[in-house]
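J.: Numbering (this note's numbering), first residue to last: 451 to 1101. We treat Cβ as the ideally placed atom computed from N, Cα and C, and that holds for glycine.
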Ligand code: MSP
């Protein structure tokens, strides 16, 4: 270990739904950098986690009928499980609902208030709940959020503001004069032209209408704006403003924040301005990567085109997904996931190129040398060019990785893999083997192939550790025997005399048409199962969960007639229903706005849980709950078959 440090971060994901291959993209990239730096001797800190506050999470929890913390805990558990399956080597999994985080954010907020960089005023403007972002009218697109194109809400409230405008010039310098700060370069123009040049306005950093979040410590009715809360994670995770801040001193400023393109402005304008106000250094680099689309369209649950990583991993393995994500797409640009592209990559790069090279090499050592790694004897005409290319691979990878160009780093490695396969064709060992007197030449060929594979296996290690382990195993190499990064540029480090061990093909060739059908089926089943799980609120309906008739008797179910229905004033997903149950009238808030037009409900007879404890949903009282059946994207309200007066008991 050297004293060089490297701090790499992913964004903190919203636990508002399960992670898609789009989310895994950034984490897989961050993991590759972290591993790459670690094997080079850097003292690495790799941070990821979840951003758990805000209106969006609050609404999701209501939709699912649970408390926000309960809701996020379940998704956080799923996310951690996924990262474990994917062998993601993070050092810190950070949650913004941790008490420690809340305290640090409150300290930061108070300090900026006391310095005069945060002040109290009134907010009037547009708010996008989906992106948790504020917009000026001029920034809207056709009246919608310019990031996600969804409807924005007019928001008017007393609020605290951060003096973002004060940092306008400093931010402009940071973005324009420091080439390293924001990459790819095209994103600099976007920030400068769209946000800085038109002039920055102060940023509203508190809400009174959102409850789920960190409170302004000196004014409890205000909740700190979720983005202010979230970006602080990058330093809070290192113990900033605590008495254990040695990691902060050691690792800050971050070497790189990896973020998706739509959140670059939070990381290159708002975040550095907060750091400037605190008198701290900005991160060294922010990289705004592109999006993974699905068939050229943005992935979204409502469009039903989301691709989840779990079925891919179950069917083809973690390394295949990692390889595909990093090789297929250029990190700075958008790219589209299609199953054809995915299976073509498996067949061409993994099965044909790498898998074949490993299997041919081991098979030939088995066949021509009894499964024992031979000693090289004499150099042949093609050996030098193979050696030269192999020992220079690390400098080529370095050049690409310095630019976070994963795709070309892998392409360089695959050029070597293809070159090594070509070496087999050039040297034709099966012909050489026909004459016993050629044994020295044959031994050299087999050794050179194995040695190239040893180097390839080191090179792919940051990206595909399982595959690298598998190659070492087959070559009979133990860890530490020429397997480290320092051994990558040295030819001849491979031991001889050990037994090789053939394993089953690493990447079997796939019949693409059939495989697409199989994959789609497995993916659909997975989605259906997952939706079932979430809708049922993760309670299992196995027989051991029987209730007694006495339990059921506690629930007062009634037929209720809808006499009025209207949209909720503060929540798109909710409707406010006026129900008649016998002589009594009552108000019920229900999460059915996506499925029903309020007018269509009037006169309908529904089933009501009448003795449910009343609650307020986004400021509106709800006395009971109407029953509905839902599956996947369908929802239908429960009713009675024949007409019966409202108030009738359901039993
Ligand atoms: N919580 C904020 C980040 C706060 S960081 C202090 C957030 N969360 S998110 O879950 O909506 O998105 C997290 C990251 O996932 C973003 O960088 C986003 O770009 C990325 N991706 C989500 N879907 C994606 C694709 N389909 N493709 C690539 N990355 C995308 O924003």
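#1: Quick one: is the Cβ of residue 758 within less than 6 Å of any heavy atom of the ligand MSP?
#2: Closer than 8 Å is the cut-off here; do at least three beta carbon pairs connect the segment 819 to 830 with the segment 933 to 947?
#3: Nearest to residue 1100 by CA position, among 1076, 592, 457 and 734, is which residue?
#4: Near residue 867, what residues of its chain come up, given a Cβ to Cβ distance below 7 Å and the 5 sequence neighbours on each side ignored?
#5: Among 1004, 1023 and 1031, whose alpha-carbon lies nearest the alpha-carbon of residue 1011?
#6: Under 8 Å by Cβ, that's how I've got residue 1042 and residue 1078 pegged, so tell me the actual separation to the nearest angstrom.
#7: Consider the C-beta atom of residue 749 and the heavy atoms of the ligand MSP; say whether any pair is separated by less than 6 Å.
#8: Tell me whether residue 998 sits in a helix, a strand or coil according to DSSP, three-state version.
#9: What does DSSP give as the partner residue(s) for residue 745 in the beta ladder?
#10: Among 897, 649, 769 and 1029, which residue has its Cα nearest to the Cα of residue 535?
#11: For residue 1035, which beta-bridge partners are listed by DSSP?
#12: With a threshold of 6 Å (Cβ to nearest heavy atom), would residue 475 be considered close to the ligand MSP?
#13: May I ask which residues mark the beginning and end of the beta strand (DSSP E) holding residue 1014?
#14: For the putative contact between residue 607 and residue 659, defined by C-beta atoms under 8 Å, what is the C-beta separation to the nearest angstrom?
#15: Is residue 460 helix, strand or coil when you go by DSSP?
#16: Where DSSP assigns a beta bridge to residue 666, which residues make up the other side?
#17: Mind checking whether the beta-carbon of residue 703 lies closer than 6 Å to any heavy atom of the ligand MSP?
#18: When the Cα of residue 1016 is compared with those of 1044, 755, 466 and 561, which residue comes out closest?
#19: Which two residues bound the contiguous beta strand (DSSP E) that contains residue 720?
#20: Compute the Euclidean distance between the alpha carbons of residue 624 and residue 800, then round it to the nearest angstrom.
#21: Cα separation between residue 1066 and residue 674?
#22: Buried or exposed for residue 994, going by 16 or more other Cβ atoms inside 10 Å?
#23: By the 10 Å Cβ neighbour count, where 16 or more other Cβ atoms means buried, how is residue 1002 classified, buried or exposed?
#24: Confirm the yes/no value for this check: CB of residue 713, any heavy atom of the ligand MSP, distance under 6 Å.
#25: Can you give the Cα-Cα distance for residue 605 and residue 570, rounded to whole angstroms?
#26: Suppose the cutoff is 6 Å on Cβ atoms and the five residues either side in sequence are ignored; what does the same chain contact list for residue 464 look like?
#27: Let's test the definition: count the other Cβ atoms within 10 Å of the Cβ of residue 992 and tell me whether it reaches 16, buried, or not, exposed.
#28: Taking Cβ positions, are residue 506 and residue 466 nearer each other than 7 Å?
#29: Could you tell me if residue 549 is buried or exposed, where buried requires 16 or more neighbouring beta carbons within 10 angstroms of its beta carbon?
#30: In three-state terms, what does DSSP make of residue 549?
#31: Let me make sure I understand the geometry here. Which of 882, 1023, 1052 and 1007 has the alpha-carbon closest to that of residue 513?
#32: For residue 473, does the three-state DSSP call read helix, strand or coil?
#33: Would residue 794 pass as a contact of residue 960 if the rule is Cβ separation under 7 Å?
#34: Check whether the segment 631 to 641 touches the segment 688 to 698, counting contact only when three or more Cβ pairs, one atom from each stretch, lie closer than 8 Å.
#35: How many angstroms separate the CA atom of residue 655 from the CA atom of residue 554?
#36: On the three-state DSSP scale, how would you describe residue 813?
T.: This is what the structure gives:
#1: Here the question's residue 758 lines up with position 308 in the chain shown. Flag unset: Cβ of residue 758 not near the ligand MSP.
#2: With the cut-off at 8 Å, the segment 819 to 830 and the segment 933 to 947 touch.
#3: Along the chain shown, read from residue 1 onward, the residue named residue 1100 stands at position 650. Checking every option, the nearest Cα to that of residue 1100 belongs to 1076.
#4: Position 417 of the chain shown, counted from the first residue, corresponds to residue 867. Here the set comprises 803, 804, 807 and 906.
#5: Along the chain shown, one-based indexing puts residue 1011 at 561. It is 1031.
#6: Your numbering for residue 1042 matches position 592 in the chain shown. Your numbering for residue 1078 matches position 628 in the chain shown. Contact holds; Cβ gap of about 7 Å.
#7: Counted from its first residue, the chain shown places residue 749 at position 299. Checking every heavy atom of the ligand MSP against the Cβ of residue 749, one is found closer than 6 Å.
#8: If you number the chain shown from 1, residue 998 lands on position 548. Note: residue 998 maps to coil in three-state DSSP.
#9: Looking up residue 745 in the chain shown gives position 295. Answer is none; residue 745 lacks a bridge partner.
#10: Your numbering for residue 535 matches position 85 in the chain shown. Residue 535 has its Cα closest to that of 769, out of 897, 649, 769 and 1029.
#11: For this step, residue 1035 is matched to residue 585 along the chain shown. Beta-bridge pairing links residue 1035 to 1030.
#12: Along the chain shown, read from residue 1 onward, the residue named residue 475 stands at position 25. For the ligand MSP, at least one heavy atom lies less than 6 Å from the Cβ of residue 475.
#13: Numbered from 1 along the chain shown, position 564 holds the residue referred to as residue 1014. Taken as a continuous stretch (DSSP letters only), the beta strand (DSSP E) holding residue 1014 covers 1007 to 1017.
#14: Against the chain shown, residue 607 aligns to sequence position 157. Against the chain shown, residue 659 aligns to sequence position 209. With 8 Å as the limit, residue 607 and residue 659 qualify as a contact, their Cβ atoms being about 6 Å apart.
#15: Within the chain shown, residue 460 is the residue found at index 10, counting from 1. Note: residue 460 maps to strand in three-state DSSP.
#16: Position 216 of the chain shown, counted from the first residue, corresponds to residue 666. Residue 666 is bridged to 669.
#17: On the chain shown, position 253 is the one that residue 703 refers to. The answer is no for residue 703.
#18: For this step, residue 1016 is matched to residue 566 along the chain shown. Comparing Cα-Cα distances from residue 1016 to each of 1044, 755, 466 and 561, the minimum goes to 1044.
#19: The count along the chain shown starts at 1 and reaches residue 720 at position 270. Membership of residue 720 in any beta strand (DSSP E) is not indicated, and neither H nor E is assigned to it by DSSP.
#20: Residue 624 sits at position 174 when you count from the first residue of the chain shown. Residue 800 sits at position 350 when you count from the first residue of the chain shown. Between the C-alpha atoms of residue 624 and residue 800 there is a straight-line separation of about 42 Å.
#21: The residue given as residue 1066 occupies position 616 in the chain shown. The residue given as residue 674 occupies position 224 in the chain shown. About 21 Å.
#22: Locating residue 994 in the chain shown gives position 544, where the first residue counts as 1. Below a pLDDT of 50, predicted positions are generally treated as unreliable, and residue 994, at 42, falls in that range; no measurement from the model is reported.
#23: Taking the first residue of the chain shown as 1, we reach residue 1002 at position 552. By the neighbour-count rule (16 or more Cβ atoms within 10 Å), residue 1002 is not buried but exposed.
#24: On the chain shown, residue 713 is found 263 positions in, with the first residue counted as 1. Residue 713: yes, Cβ under 6 Å from the ligand MSP.
#25: Here residue 605 refers to the residue found at position 155 when the chain shown is read from its first residue. Here residue 570 refers to the residue found at position 120 when the chain shown is read from its first residue. The straight-line gap separating the alpha-carbon atoms of residue 605 and residue 570 is approximately 16 Å.
#26: Counting from one through the chain shown, the residue named residue 464 turns up at place 14. For residue 464, where only same-chain residues beyond five positions count, the Cβ hits under 6 Å are 501.
#27: The residue given as residue 992 occupies position 542 in the chain shown. Residue confidence is low: residue 992 scores 36 on pLDDT, short of 50, so the model does not pin down where it sits. No coordinate-derived value is stated.
#28: Within the chain shown, residue 506 is the residue found at index 56, counting from 1. Within the chain shown, residue 466 is the residue found at index 16, counting from 1. Contact: yes.
#29: Taking the first residue of the chain shown as position 1, residue 549 is located at position 99. Label assigned to residue 549: exposed.
#30: What you label residue 549 is simply residue 99 of the chain shown in a count that begins at 1. Correct three-state label for residue 549: helix.
#31: Within the chain shown, the letter at position 63 stands for residue 513. Considering only alpha carbons, the answer is 1023.
#32: Working through the chain shown from its first residue, we reach residue 473 at position 23. Three-state DSSP puts residue 473 in a helix.
#33: Position 344 of the chain shown holds residue 794. Position 510 of the chain shown holds residue 960. No. Outside cutoff.
#34: no
#35: Walking along the chain shown from the start, residue 655 turns up at place 205. Walking along the chain shown from the start, residue 554 turns up at place 104. Residue 655 and residue 554 have their C-alpha atoms roughly 16 Å apart.
#36: In the chain shown, counting from the first residue as 1, residue 813 sits at position 363. In this structure, residue 813 counts as helix in the three-state DSSP scheme.
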